[in-house]
Amino acid sequence: MTDCIFCKIASGVIPAKMVYEDDRFVVFPDISPLYRTHLLIVPKRHIASVNDVDGAGNDALAGIFAVAKAAADKVGVAEGGYRLTVNTGLHAGQVVMHFHMHLLAGEPLRAL
566 MTDCIFCKIA SGVIPAKMVY EDDRFVVFPD ISPLYRTHLL IVPKRHIASV
616 NDVDGAGNDA LAGIFAVAKA AADKVGVAEG GYRLTVNTGL HAGQVVMHFH
666 MHLLAGEPLR AL
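For the sequence shown, my numbering gives the first residue as 566, with consecutive numbering after it.
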C-alpha cells in the first residue's frame, strides 16, 4: 500500500529505530508510547487487520510470537514480563490500518 505508514517504515522509506527485523517482520518503538517499553511488531506484508487474515495472511503472521519474544529479550523485558495486544478496527483503538501487535512492558501493568 503506497499510503500506509507501516508499509513505508517496513520498507525503509520512512526511517525508524529498528529493535528487530527479519524477512517477515519489523519491530520498532511506538511514536506515542503508553508504557516505558512500547514496541510495535509489524508484518512487512500489508494486512489491514485481523479481520483480513486469510490463508496467505496466516503464512505472513506465522512466527509473530517468536518475534515478540526475541524483541522482549533484546530490550531486556522478557524476564520481568510483557503484554501483547492487538487492536482490531476503529472501535478497538486500531489507529493504523495495517495489522500490528503492541508489546508493552517496563513497569507493572494492571491485570485485565
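Each residue gets a CB set at the ideal place from its N, CA and C atoms; glycine is no exception.
In this text the structure is predicted, and so the values were computed from the model without any measurement.
Original post:
Is there contact between the segment 611-618 and the segment 577-589, where contact requires at least three CB pairs shorter than 8 angstroms?
Top reply: no
Original post:
The alpha helix (DSSP H) with residue 571 in it runs from where to where?
Top reply: 570-576
Original post:
Roughly how many angstroms separate the alpha carbons of residue 758 and residue 654, rounded to a whole number?
Top reply: The structure shown does not extend to residue 758, since the chain is modelled only from 566 through 677, so no value can be given for it.
Original post:
residue 651 and residue 585: beta carbons closer than 8 angstroms?
Top reply: no
Subject >> Spatial distance of residue 667 from residue 606 (CA atoms) >> reply: Taking the straight line from one Cα to the other gives about 6 angstroms.
**OP:** Could you have a look at residue 632 and say whether DSSP puts it in helix, strand or coil?
**Re:** helix
Original post:
Thinking C-alpha only, which one of 570, 612, 571 is nearest residue 624?
Top reply: 612
Original post:
Which one or two residues does DSSP pair with residue 590 in a beta bridge?
Top reply: 608
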